[in-house]
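Below is one structure, written out as structure tokens; the observations come after it.
In this note's numbering, the protein residues as written are 37 to 221.
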């Protein structure tokens, strides 16, 4: 992340973090940028709900709460056509703000991943509960696992920082070491 920040932004970030350590405050906020979702996960019911209107600008929320970090979540954030603009506005208004995006990955393309990164994203977090078809079955998205296993290494080679979220549930705890090993490669 430091190679993407100006010296002044690093100083502001350091002061902000020191103030957080000394006085407390909000470390991270989750900004639910949409409730719409293309998955039909068996542990989530967002897809059953009629989505409410979506905000266009989150700068005022972030200014009010003043966190060190923001996670863009959903639903599925990649359904937002203006996601790059949301990230860009946050980056423009807050030099030191760690911005992550949590996605199921199905709508992620190489070009979109690079556009998100160029807009100011610091970390792309992809949900991955299994390394095989069981992940597709859980999310009700055929081909999802193969897509993630293909796109994630491409984006990593391009310099996009990423991590993987695993929803621990009955039957996949033994899969976690395999996911960690795959992600480390």
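In this text, a Cβ means the ideal position worked out from N, Cα and C, and glycines have one as well.
On the DSSP bridge assignment, give the partners of residue 6 in chain order.
With the chain running from 37 to 221 in the structure shown, residue 6 is simply not present.
What would DSSP say about residue 145, mapped onto helix, strand or coil?
coil
Which ranges would you report for the alpha helix (DSSP H) in the segment 180 to 209 if only whole runs of at least 4 residues count?
180 to 193
Close beta carbons around residue 105, own chain, < 8 Å, minus the five adjacent residues each side:
By the criterion of a C-beta distance shorter than 8 Å, residue 105 is surrounded in its chain by 63, 64, 65, 133, 134, 135 and 136, once the five residues flanking it on both sides are discounted.
With DSSP collapsed to three states, give me the class of residue 166.
coil
Since I believe residue 199 is in contact with residue 161 (beta carbons under 8 Å), could you give me their beta-carbon distance rounded to a whole number of angstroms?
5 Å
Starting from residue 216 and walking both ways along the alpha helix (DSSP H), at which residues does that stretch end?
212 to 220
Using 8 Å as the threshold, is the segment 175 to 192 in touch with the segment 85 to 102, meaning 3 or more CB pairs across them?
no
Are the CB atoms of residue 75 and residue 175 nearer to each other than 8 Å?
Yes, they are a contact pair.
Assign residue 103 to buried or exposed, taking buried as 16 or more other Cβ atoms, counted over all protein chains shown, within 10 Å of its Cβ.
When all chains shown are included, residue 103 counts as buried.
Please look up how many angstroms separate the CB atoms of residue 8 and residue 158, rounded, as I've assumed it's under 8 Å.
The displayed coordinates of the chain run from 37 to 221. Any statement about residue 8 would go beyond what the structure contains.
Spatial neighbours of residue 78 in its chain, beta-carbon cut-off 7 Å, leaving aside the 5 residues before and after:
174
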